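Have a look at the structure below, then the notes.
In the working numbering, the protein residues as written are 2 to 149.
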């Protein structure tokens, strides 16, 4: 994935953890959408229902969880203390673990014409905050903290 190369240029250690995507996605859903019932999750198309793909970030676009959006989301992500993070995708089993993520910024996850990472999620190892950049140019990015 292009993200690994972009992070290596910044001297950020990114290690691929193939096959971890489903596990991390489930942890993310439990942490950030666990307050919703199964029916509420279905209503906002949170996950694949057998006919259409859902998106975890719908939790934010349907305003079912407090979050910062757009520039405020980027600023919050850039300013939060980052050490170890997971990076995962909506529709892939591929995932990364990033060590010493201090220098990772929102611009590392911007969709550009020369690379397309799709819906990309960044979450700290304890799932206390998340940053999401969507494939929809008019939606997101989003930043949210886990409720206590």
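Just so it is clear, CB atoms sit at the ideal spot from N, CA and C, and this is done for glycine as well. Predicted model only: the values in this text are computed from it and were never measured.
Using 10 angstroms around the beta-carbon of residue 36, count the other beta-carbons present and answer buried if the total reaches 16, otherwise exposed. Locating residue 36 in the chain shown gives position 35, where the first residue counts as 1. Residue 36 comes out exposed.
Residue 131, enclosing alpha helix (DSSP H) - first and last residue: Indexing the chain shown from 1 puts residue 131 at position 130. It is not in any alpha helix (DSSP H) - residue 131 instead sits in the beta strand (DSSP E) that spans 130-134.
Identify which residue in 46, 98, 72 and 83 has its Cα closest to the Cα of residue 25. For the purposes of this step, residue 25 is taken as residue 24 along the chain shown, with counting starting at 1. Looking at the Cα atoms, 98 is the closest of the given residues.
Per-residue DSSP class, three states only, for residue 114: Against the chain shown, residue 114 aligns to sequence position 113. Because the pLDDT at residue 114 is just 47, under 50, the model does not fix this residue reliably, and the value given afterwards should be weighed accordingly. Three-state result, residue 114: coil.
How close, in whole Å, do the beta carbons of residue 7 and residue 125 come, if the pair is a contact with beta carbons under 8 Å? Position 6 of the chain shown holds residue 7. Position 124 of the chain shown holds residue 125. That pair is no contact at about 20 Å.
Spatial distance of residue 80 from residue 42 (CA atoms): Indexing the chain shown from 1 puts residue 80 at position 79. Indexing the chain shown from 1 puts residue 42 at position 41. The alpha-carbon atoms of residue 80 and residue 42 are separated by roughly 30 Å.
Note down the Cα distance separating residue 46 from residue 145, rounded to an integer number of angstroms. Taking the chain shown and counting its residues from 1, one reaches residue 46 at position 45. Taking the chain shown and counting its residues from 1, one reaches residue 145 at position 144. Cα to Cα, the separation comes out at about 19 Å.
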